[in-house]
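Taking it in order: structure first as structure tokens, then the write-up.
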Amino acid sequence: MEGNIRVGTLFGIPFYINPSWFLILALGTFWFGEQFAQVLNGNLLPWIMGLTTSLLLFASVLAHELGHSAAALSQGIGVRSITLFIFGGLAMLEKESETPFQSFLVAIAGPLVSILLFVVFSIAGSTLPLPTSLSIIISILATLNLILAVFNLIPGLPLDGGNVLKAAIWKLTGNPNKGLLYASRVGQIFGWVAITTGALAVFDVIEYGSLWTVLIGFFLLQNAGMSAQSAQVQDKLDHYTAKDAVIPDSPIVSQDLTLREFVNDYVIGNNKWRKFLVTNADGQLVGAIATEDLKAVATSEWTEKTVQTLMKPVEEDTQIEASQSLLEVVKRFEQDTNKQLTVIDQNGVVLGLLEKSSIVNLLSQPQENQSQDSKPEATPV
Ligand SMILES: [Zn+2]
């Protein structure tokens, strides 16, 4: 999110606050303060209690996000950040869970923490001998945590219940993308339901709902729309393999070429490539040669020396099998820093290079305007 303020770290996770959060903190303080003012005396006390309740509500939201984070970390999935914003909290995970059940655990962990807090606050409120003001705050917190759990369990993305539904469909169909798509569609429906309900309430047609419901509806609709789009892109990627995205006329040269032939045929008049893959007689990868390395050899020797004498070994982790699905390729680009991958078929023959841009080109062929960044870099929960 734009303009996030870094507050610090929580259990090693970077913790941010979005400026929009201050608005909801102020509204919360005012709203709770007004309630307290009806039952408590004093000019300042109700507002201090309103602020305290709001802050404790956000501490509860934070605990909820830490629940998701703990489940992710236990699966070896890193948490990039936790952010508080106007509609609650967001934990950004580095990647998806490996299995539907693990995905379910990450999704349910947040609401479970909220339910646990509801139980703890309920028991504390009814058993501990507390001053009235404190017991009111505790009973409000119990209710808020219950609402937090129930609201988040609505089975449409981007809510936790949507992630639970996604995991269930993934389990049933064996296809994580189907889960993502259907849970997004349900999320869009709930978005429209919230917008309609809120609008009817604003015009006094029905009793429950407010402008706030409308805003939450738009938030749900927008995020569910994005994840539906991402599901479609991923589905498309899954139908292609690395071979399909190989750059035509990739820079490949034979190790037996003399440096003179290499310069004449490949380097002169070619501004596109500065580095070439080198293959043996069978077309297998044996190394790479950079044009700048030519400087190390006197021009007079170019007719005697071959490409093989100047080539350098190619790292194993920059190679990828031709039959790999493009979805896997995209995930690899997200996780490591390689900008190019060398595509190799099952016989070890080099097919060419693959870059992020070649995937974008491939996807945009049949359908123009395919958004390049519609696949989220991380998984919000
Ligand atoms: Zn959650």
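Under this note's numbering, residues 1403 to 1783 are what the sequence shown spells out, in order. Think of the CB as a built atom: it goes at the ideal place given N, C-alpha and C, for glycine as much as any other residue. Predicted, not measured: the structure shown is a model, and the values here were computed from it.
Option in the options with minimal Cα separation from residue i
i, options, result
"residue 1676", "1484, 1461, 1690, 1491", "1690"
"residue 1633", "1556, 1670, 1586", "1586"
"residue 1649", "1482, 1753, 1600, 1704", "1753"
"residue 1674", "1681, 1652, 1658", "1652"
"residue 1500", "1569, 1423, 1564", "1569"
"residue 1427", "1468, 1461, 1408, 1415", "1461"
"residue 1378", "1693, 1660, 1751, 1694", "No answer is possible for residue 1378: it lies beyond the span of the chain, which begins at 1403 and ends at 1783."
"residue 1765", "1749, 1699, 1695, 1636", "1636"
"residue 1414", "1445, 1406, 1484, 1458", "1484"
"residue 1631", "1669, 1603, 1584", "1584"
"residue 1713", "1581, 1525, 1550, 1681", "1681"
"residue 1521", "1498, 1507, 1546", "1546"
"residue 1469", "1506, 1422, 1679", "1506"
"residue 1449", "1657, 1535, 1607, 1620", "1535"
"residue 1442", "1538, 1471, 1416", "1538"
"residue 1459", "1422, 1486, 1447", "1486"
"residue 1494", "1552, 1503, 1472, 1502", "1472"
"residue 1669", "1693, 1656, 1658", "1693"
"residue 1516", "1581, 1482, 1548", "1548"
"residue 1416", "1503, 1440, 1482", "1482"
"residue 1723", "1705, 1704, 1745, 1518", "1745"
"residue 1741", "1699, 1656, 1720, 1598", "1720"
"residue 1565", "1738, 1502, 1699, 1715", "1502"
"residue 1588", "1463, 1406, 1571, 1542", "1571"
"residue 1747", "1518, 1686, 1737, 1700", "1686"
"residue 1763", "1474, 1527, 1639, 1530", "1639"
"residue 1655", "1600, 1736, 1751", "1751"
Sheet register partners of residue i (DSSP bridge)
i, result
"residue 1708", "1660"
"residue 1408", "1418"
"residue 1746", "1723, 1752"
"residue 1492", "1485"
"residue 1677", "1692"
"residue 1654", "1679"
"residue 1686", "1751"
"residue 1615", "Answer is none; residue 1615 lacks a bridge partner."
"residue 1714", "1690"
"residue 1739", "DSSP, once it has assigned bridges, lists no residue as partnering residue 1739."
"residue 1757", "1742"
"residue 1643", "1727"
Residue i beta carbon near ligand 1 (any heavy atom closer than 7 Å)
i, result
"residue 1512", "yes"
"residue 1547", "no"
"residue 1554", "yes"
"residue 1470", "yes"
"residue 1562", "yes"
"residue 1466", "yes"
Exposure label - residue i; buried when at least 16 CB within 10 Å
i, result
"residue 1777", "The predicted model places residue 1777 with a pLDDT of 39, which falls under 50 and marks its position as unreliable, so this point remains unresolved."
"residue 1697", "exposed"
"residue 1641", "exposed"
"residue 1562", "buried"
"residue 1420", "buried"
"residue 1683", "exposed"
"residue 1578", "buried"
"residue 1644", "buried"
"residue 1718", "exposed"
"residue 1418", "buried"
"residue 1770", "In this prediction, residue 1770 has a pLDDT of 41, which is less than 50 and means its spatial position is unreliable; what the coordinates show is noted afterwards. Classification for residue 1770: exposed."
"residue 1774", "No answer about residue 1774 holds up, because its pLDDT of 40 lies below 50 and its placement is not dependable."
"residue 1498", "buried"
"residue 1408", "exposed"
"residue 1607", "exposed"
"residue 1410", "exposed"
"residue 1779", "In this prediction, residue 1779 has a pLDDT of 44, which is less than 50 and means its spatial position is unreliable; what the coordinates show is noted afterwards. So residue 1779 ends up on the exposed side."
"residue 1679", "buried"
"residue 1446", "exposed"
"residue 1581", "buried"
"residue 1525", "exposed"
"residue 1574", "exposed"
"residue 1605", "exposed"
Test: residue i CB closer than 8 Å to a CB of chain D
i, result
"residue 1604", "The question asks about chain D, but that chain is absent: this structure has only one protein chain."
Open item on the list: Check whether the segment 1616–1628 and the segment 1578–1598 touch, using three or more Cβ-Cβ pairs below 8 Å as the test.
Closed with: yes
Task: Stretch pair the segment 1445–1456 + the segment 1487–1494: three plus CB contacts closer than 8 Å - done: no
TODO: Would you check if there are 3 or more beta carbon pairs closer than 8 Å linking the segment 1723–1737 to the segment 1758–1766?
DONE: yes
Task: Given 8 Å, three or more beta-carbon pairs between the segment 1428–1440 and the segment 1500–1517 - done: no
TODO: Take every Cβ of the segment 1709–1729, pair it with every Cβ of the segment 1657–1664, and state whether three or more of those distances are shorter than 8 Å.
DONE: yes
Open item on the list: For the structure I just gave you, are there three or more beta carbon pairs, one from the segment 1599–1616 and one from the segment 1554–1561, closer than 8 Å?
Closed with: no
Open item on the list: If contact is defined by three or more beta carbon pairs under 8 Å, each pair taking one atom from either stretch, is the segment 1472–1483 in contact with the segment 1425–1434?
Closed with: no
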